[in-house]
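Student: Structure in structure tokens, see below.
Protein chains: 2
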Amino acid sequence: MPKPTDSPPLAGRRAQAARNDATILAAARAVFLDDPKAPIAAVAERAGVGISALYRRYAGKEDLLRTLCHDGLLRFVAAAEEAAAEPDDWAAFAGFLERVVDADVHSLTVHLAGTFTPTEEMGRAAVRANELVDGLVGRARDAGRLRPDVVTQDVGLLLEGCAAIRVPDPDRTRQLRRRHLAVLLAGLAVPGPPLPGPPPGVGEFDWRWRPKQ
Amino acid sequence: MPKPTDSPPLAGRRAQAARNDATILAAARAVFLDDPKAPIAAVAERAGVGISALYRRYAGKEDLLRTLCHDGLLRFVAAAEEAAAEPDDWAAFAGFLERVVDADVHSLTVHLAGTFTPTEEMGRAAVRANELVDGLVGRARDAGRLRPDVVTQDVGLLLEGCAAIRVPDPDRTRQLRRRHLAVLLAGLAVPGPPLPGPPPGVGEFDWRWRPKQ
DNA sequence: TGAGGAACGGAATGTTTCGTTCCGTTCGAC
DNA sequence: GTCGAACGGAACGAAACATTCCGTTCCTCA
């Protein structure tokens, strides 16, 4: 029986700690997704660790929330980059939405806004995310697959709508979101009647990030 | 100059109190829509009254939340009844969604669930609401306007998605929701590719109302 | 193999938030 | 002119919560 000595050691105190890093962040994601005002103790309980395991890693609640949100932003960017690699313009657009909805990454960057002061690096990531989405929307629209009156900011509305769907079972939640997304994609494809009202503008959704109160 | 002596007198202590009834309920709606965990003092402040004006009317926070939710349920039913009067099957369905989205009535009955123990009367109203929606969906589907694989419970998903859209300005919020709803309606109309996954079931959305924890 | 300390669990603490009560005041009703 | 309904807001007590602290475990490294 060979003893595993690979790069990620499976036993030992350091390994346990490294694994806790991920466990805690995952628990925090689940907890704050469920209730943005949840106490920090709920995260510890969900992760199955003590409170000190949290404070060893993060300076405080705000630091945890910031890290969590930053992580979500990076996942968002990664999803957009992966989807952009798809050659078919519509598949790239639809695949992007599916990835983001499946990963439940949008609510993280939205419902936690205002609970911490963002870093400059997060600002850069947000700009990059916006550029990527803009590219995907542009491709699908230029290819004549996406209705021409859809703007980049509409994607935020879609994602927020999908993220609002939630049932106790995570798998079922994903299924229902996909179903909802399918309706949206059907409504997004050409042809269709013109959309009412002025389209959402660029500066219309960063109010969550502006100084609190 | 004739003196108004009609049924709702515009001056006097009683009249002021009667007006406060509505003011307080409206303030509570706005506050708890914005933050389901908001303190009661926030409602008083928003309504421009003291705290005692609240406690004169409601036994406590739970009583206020229950009343608020009950009120929302009644508005929901009223919207469904009004919409059902429309002869065109699709217009009835679409009009219903527009009314509920405009009145922002769905989030009230959803995000407040679990914060109070519901009354039997609310249960009856909920059943009635479900029957009405069922009727509207059935009409639109039987008329061949609504895609046949849409079930009544899908409406809950749509409404939740629309309600999740929120910007500081209420009017703009309504515009954006209408825009989002237009995409959804376009995706809901026949024809369209089949929707993925098993459709939502009847008992899949009352988990919010089941005993807390 | 033994000492040192990284990692941790969870009780303790101090503070803030919040629901509710209480009291003094106002002013229309009768 | 008197009574009390309606009210504003301070005061109170309890609960929630972020953070700190201390004792324990057990890997790590020499």
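For the protein sequence lines, the chains are A and B, in the order given.
My numbering puts the first sequence at residues 1 to 213.
My numbering puts the second sequence at residues 214 to 426.
Built from N, CA and C at the ideal position, the CB exists for glycine as well.
#1: Between the segment 154-165 of chain A and the segment 100-113 of chain A, can you find at least three pairs of beta-carbon atoms closer than 8 Å?
#2: Who are the Cβ neighbours of residue 361/B in its own chain at under 7 Å, not counting the five residues just before and after it?
#3: Taking only beta-carbon atoms, is residue 244/A less than 9 Å away from chain B?
#4: Using 10 angstroms around the beta-carbon of residue 300/B, count the other beta-carbons present and answer buried if the total reaches 16, otherwise exposed.
#5: Under DSSP, the alpha helix (DSSP H) around residue 250/B begins and ends at which residues?
#6: List, in order along the chain, the chain A residues whose C-beta lies closer than 8 Å to that of residue 391/B?
#7: Grouping DSSP H, G and I as helix and E and B as strand, with all else coil, what is residue 113/A?
#8: With H, G and I counted as helix, E and B as strand and the rest as coil, what does DSSP make of residue 138/A?
#9: Got a sec: is the Cβ-Cβ distance from residue 46/A to anything in chain B below 9 Å?
#10: For residue 266/B, which residues of its own chain have a beta-carbon under 8 Å away from its beta-carbon, when the five flanking residues on both sides are left out?
#11: For residue 426/B, which residues of its own chain have a beta-carbon under 6 Å away from its beta-carbon, when the five flanking residues on both sides are left out?
#12: Counting only Cβ pairs nearer than 8 Å, list the residues of chain B close to residue 165/A.
#13: Any beta carbon from chain B within less than 9 Å of residue 6/A's own beta carbon?
#14: Since residue 172/A is in the alpha helix (DSSP H), which residue starts that stretch and which ends it?
#15: Using 10 angstroms around the beta-carbon of residue 204/B, count the other beta-carbons present and answer buried if the total reaches 16, otherwise exposed.
#16: For residue 453/B and chain A, any beta-carbon pair shorter than 9 Å?
#17: Report all residues from its chain with a CB closer than 7 Å to the CB of residue 298/B; omit the five preceding and five following residues, and keep chain order.
#18: Which residues of the segment 234-267 of chain B have a Cβ closer than 7 Å to any Cβ of chain A? Give them in chain order.
#19: Which word fits residue 120/A, buried or exposed, when buried means at least 16 other C-beta atoms lie within 10 angstroms of its C-beta?
#20: Which two residues bound the contiguous alpha helix (DSSP H) that contains residue 161/A?
Tutor: Put simply:
#1: Touching, per the Cβ criterion.
#2: If you ignore the 5 residues before and after residue 361/B, its C-beta comes within less than 7 Å of the C-beta of 354, all in its own chain and listed in chain order.
#3: Nothing can be reported for residue 244/A: it is not among the residues displayed for chain A, which extend from 1 to 213.
#4: Exposed, because fewer than 16 other Cβ atoms sit within 10 Å of the Cβ of residue 300/B.
#5: For residue 250/B, no alpha helix (DSSP H) encloses it, and the DSSP letter there is neither H nor E.
#6: Under the 8 Å cutoff, chain A gives 196 and 197.
#7: Correct three-state label for residue 113/A: coil.
#8: Helix, per DSSP.
#9: Put simply, the CB of residue 46/A is far from chain B, with every gap to its CB atoms at 9 Å or more.
#10: Listed in chain order, the non-local C-beta contacts of residue 266/B below 8 Å within the same chain comprise 233, 237, 257 and 260, local neighbours out to five positions each way being set aside.
#11: Reliability fails at residue 426/B, whose pLDDT of 41 lies under 50, so the model's placement of it is uncertain and the value that follows must be treated cautiously. Nothing listed; no residue qualifies.
#12: Around residue 165/A, the beta-carbon contacts reaching into chain B at under 8 Å are 370, 373 and 374.
#13: Low confidence applies here, because residue 6/A scores a pLDDT of 35, under 50, leaving its location unreliable; read the following figure in that light. Judged by the 9 Å Cβ criterion, residue 6/A is not in contact with chain B.
#14: Element bounds for residue 172/A: 170-188.
#15: Lying before the first or after the last residue shown, residue 204/B is absent from chain B, which here runs from 214 to 426.
#16: Only positions 214 to 426 of chain B appear in this structure, which leaves residue 453/B out of reach.
#17: There are no such residues.
#18: For the segment 234-267 of chain B, the beta-carbon criterion of a distance under 7 Å to any beta-carbon of chain A is satisfied by 250.
#19: A residue is called buried when at least 16 other Cβ atoms come within 10 angstroms of its Cβ; residue 120/A does not meet this threshold and is exposed.
#20: Looking at the DSSP string, the run of the alpha helix (DSSP H) that includes residue 161/A is 152-164.
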